[in-house]
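Using full-length UniProt numbering, you'd call the opening residue of the sequence shown number 1 and step up by one each time.
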Amino acid sequence: MGIVLAIAVIDQVTKALVLHYLEPGVALPVIGDWFRFLLVFNPGAAFSFGTGATWVFTCIQLGFLILAAVVIPRTRDPWTVVALALIAGGALGNLVDRLCRAPAFFVGHVVDFISVGSFAIFNVADSAITCGVILFLVASLTEQRRHGDAAHAPTPSEEKDVEKEDRHDS
1 MGIVLAIAVI
11 DQVTKALVLH
21 YLEPGVALPV
31 IGDWFRFLLV
41 FNPGAAFSFG
51 TGATWVFTCI
61 QLGFLILAAV
71 VIPRTRDPWT
81 VVALALIAGG
91 ALGNLVDRLC
101 RAPAFFVGHV
111 VDFISVGSFA
121 IFNVADSAIT
131 CGVILFLVAS
141 LTEQRRHGDA
151 AHAPTPSEEK
161 DVEKEDRHDS
């Protein structure tokens, strides 16, 4: 729960700072044109996908937060917990925008401001979601390998057979 709230708070604080100090559409170069802050209001998802379906993304984020609240406490793998918390924190950060920003409740536009090269413009919440998804995939693959190795481990009776063969060969 701490990670979720920390991500959402950091996301909202950075957005408040950007809204206070930047003009929409006016870039503030940090490292030339490669890394800059550029305030935009995004009605859709990544790459402004689904700009006419803001309410759909709001519902998806609400649904994920409910699912995460149920799944995270039951998850034993710490990396999976962190991954889900990062995703949930990012979802919560962007959900606040969708609920509280113009043009209206439930269809508000998300504040994006981090611009890297010619890539999409994003925010702290988007970064947390991306890192969470990557960590979740890595944790899942690692978990599959662990279970795969366990599935091929010899059973106790097979171990006894190997011990008998070793004694017989001696």
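Each residue gets a CB set at the ideal place from its N, CA and C atoms; glycine is no exception. Small disclaimer: the values here were computed from a predicted structure and weren't measured.
Expected contact under 8 Å - CB spacing of residue i and residue j to nearest Å
i, j, result
"A45", "A68", "Between A68 and A45 the Cβ distance is about 18 Å, and since that is not below 8 Å, they are no contact."
Among the options, nearest to residue i - alpha-carbon criterion
i, options, result
"V111", "C131, L65 and L99", "L99"
"I10", "A125, G50 and S140", "A125"
"S140", "I7, A83, N94 and G25", "A83"
"G2", "V81, V96 and S115", "V81"
"V116", "F41, Q144 and G32", "G32"
"L65", "I114, F113 and V96", "V96"
"I7", "C131, R101, L19 and V70", "C131"
"I72", "V4, A120, Q144 and R145", "V4"
"K15", "G90, V70 and V56", "G90"
"L92", "V70, I129 and A120", "I129"
C-alpha distance - residue i paired with residue j, whole-angstrom precision
i, j, result
"L17", "A104", "22 Å"
"P29", "T58", "31 Å"
"W79", "F136", "7 Å"
"G23", "R76", "Per the sequence shown, residue 23 should be read as Glu rather than Gly. Taking the straight line from one Cα to the other gives about 45 Å."
"I134", "G50", "23 Å"
"L62", "W34", "34 Å"
"Q12", "N94", "9 Å"
"A85", "G25", "32 Å"
"I60", "R145", "31 Å"
"R74", "F106", "30 Å"
"V138", "V70", "22 Å"
"residue 204", "Y21", "Residue 204 is absent from the structure shown; the chain starts at 1 and stops at 170."
Spatial neighbours of residue i in its chain, beta-carbon cut-off 6 Å, leaving aside the 5 residues before and after
i, result
"A27", "R36 and L38"
"F122", "D112 and I114"
Neighbourhood of residue i by C-beta, 7 Å cutoff - its chain only, sequence neighbours within 5 removed
i, result
"H147", "none"
"P43", "T51, T54 and H109"
"E143", "D77"
"V56", "G50"
"S48", "N42"
Chain-order list of residues whose beta-carbon lies under 8 Å from that of residue i (same chain, five-residue window excluded)
i, result
"R101", "F41, G108, H109, V110 and V111"
"L19", "L39 and V111"
"S127", "G90 and I114"
Closer than 7 Å to chain C by CB, residue i
i, result
"V40", "Absent from the structure: chain C. Only one protein chain is present."
Q. Enumerated in chain order, which unbroken segments of the alpha helix (DSSP H) with a length of 4 residues or greater are wholly contained in the stretch 4–84?
A. 54–71
Could you tell me which whole beta strand (DSSP E) segments of length 3 or greater appear in the stretch 100–142? 110–116
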